[in-house]
Structure formats: structure tokens, C-alpha cells
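A.B. asks: One structure coming up, written as C-alpha cells, with questions to follow.
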Amino acid sequence: MLPLAVWEGELVLPQEPNLASKFLPLTESTYFIMLSLVEPRHGYGVMQYVSDLTRGGLRIGPGTLYGALATMEERKMIVPVERDDADRGGSRRKEYVLTALGRQVLALELERQKALVRFGESILGKEAAISDELETEV
């Protein structure tokens with residue numbers, strides 16, 4: 001069953017799974033940007049979130065971020081959400097959030113990465129077993 005997205009009372013039906021798979025694999029930056037957009041965030045908030053999430057291991061610069069946002073918006077994986085914070089002394093900020101398609105792409109990427117881990121573990125596990133056998137024979 002495909003996940004549905006509801007945003008501000010509007011039901012958004014998911015796209016075909018094969019459409020989502022066309023956007024794989026994601027780059028590391030795009031993967032973390034999309035993770036941050038499970039909830040609405042503005043650009044600077046995305047950069048902060050990714051840095052915090054990766055404990056400073058990944059820092060996304062403005063050029064990378066806004067290029068990725070433009071591509072994801074063009075592909076209908078995210079939508080802009082305007083929030084008016086003027087009443088709280090803030091300025092008008094453009095935030096983005098994942099669409100149903102974006103959530104599908106993110107879920108497929110997560111499954112792809114899990115498969116990579118399983119492959120790696122199975123190969124490393126075999127190497128460790130062979131190494132243990134060689135050590136016991138000597």
C-alpha cells in the first residue's frame with residue numbers, strides 16, 4: 001500500500017512506484033535534504049538540521065541546497081509552503097515539504113541503502129569466516 005500525504009487539508013495521492021524509482025539513487029546531500037523536509041523547513045533550517053543530524057559530518061552549502069531544492073521542486077518531490085512570520089517579528093520565509101512522491105522516493109532510497117548494507121555484511125561476514133578457518137588450520 002502506498003503512503004498518502006495530507007497537507008493543509010489537501011489529500012495528495014502517491015505517484016506510481018516506478019516513477020519514484022526513476023530518481024534513484026539519491027546523492028548523499030539530496031538524501032539528507034529530503035529527510036529534513038519530512039516537516040516544513042526553510043533553506044537555512046534545512047542546512048542546520050542536516051548538520052545537526054550528521055553531527056557536523058555533512059555540511060550543505062547554499063549552492064548545493066538551492067540547486068537540489070529547485071530540482072526536487074521541478075520533479076514534484078517537494079512543494080513550497082509560504083509562512084508569514086511578520087506577526088512574530090520575522091520575515092516572510094519560503095519553506096518546503098515533501099510530497100507523496102517525495103516520500104516514496106525517500107522510502108525507496110532507504111530500502112536501496114538497506115540492501116547495500118546487507119550485501120556488505122554478507123560479504124564481510126564470509127571473509128571473516130574464511131579468515132577464522134585459515135587461522136584455525138595453521
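Per our numbering, the sequence shown starts with residue 1, numbered consecutively. Quick reminder that beta carbons are idealized off the backbone N, C-alpha and C, glycines included. All values derive from a computational prediction rather than experimental measurement.
1. Could you check if Ile123 is buried or exposed, using at least 16 other CB atoms within 10 Å of its CB as the buried criterion?
2. Per the DSSP calculation, Pro80 is bridged to which residue(s)?
3. Quick one: grab the DSSP three-state call for Met1.
4. Compare the Cα-Cα distances from Gly210 to each of Ser51, Ile33, Leu98 and report the closest residue.
5. So the candidates are Ile78, Asn18, Arg112; which of them puts its Cα closest to the Cα of Gly41?
6. Assign Arg41 to one of three DSSP states: helix, strand, or coil.
7. Considering only C-alpha positions, which residue in the set Glu111, Ala115, Glu127, Glu74 is nearest to Thr99?
8. Please work out which residues of its chain come closer than 7 Å, Cβ to Cβ, to Ile30, disregarding the five sequence neighbours upstream and downstream, and give them in chain order.
9. Using the rule of at least 16 other Cβ atoms within 10 Å of the residue's Cβ for burial, across every protein chain shown, is Leu101 buried or exposed?
10. Let me confirm a value: Leu117 is counted as buried when at least 16 other C-beta atoms fall within 10 Å, else exposed. Which label applies?
11. DSSP three-state call for Pro62: helix, strand or coil?
12. For Leu108, which residues from the same chain have a beta carbon less than 8 Å from its beta carbon, with the 5 sequence-adjacent residues on both sides left out?
13. Can you tell me whether Leu53 is buried or exposed? The criterion is at least 16 other CB atoms within 10 Å of its CB, across all chains shown.
C.D. replies: This is what the structure holds:
1. exposed
2. Tyr96
3. For Met1, the predicted structure reports a pLDDT of 40, less than 50, and the residue's modelled location is therefore unreliable. A value from the coordinates is still provided. Met1: coil per DSSP, three-state reduction.
4. Since the first residue of the chain shown is 1 and the last is 138, residue 210 is not available in this structure.
5. The displayed chain sequence assigns Arg, not Gly, to residue 41. With distances taken between Cα atoms, Arg41 lies closest to Ile78.
6. strand
7. Glu74
8. Rather than Ile, the amino acid found at residue 30 in this sequence is Thr. Once the five neighbours on either side are set aside, the close Cβ partners of Thr30 are Ala68.
9. buried
10. Residue identity differs from the one stated: residue 117 is Val in this sequence, not Leu. It counts as exposed.
11. helix
12. Pro17, Ala20, Ser21, Leu24
13. Exposed: under 16 other Cβ atoms inside 10 Å.
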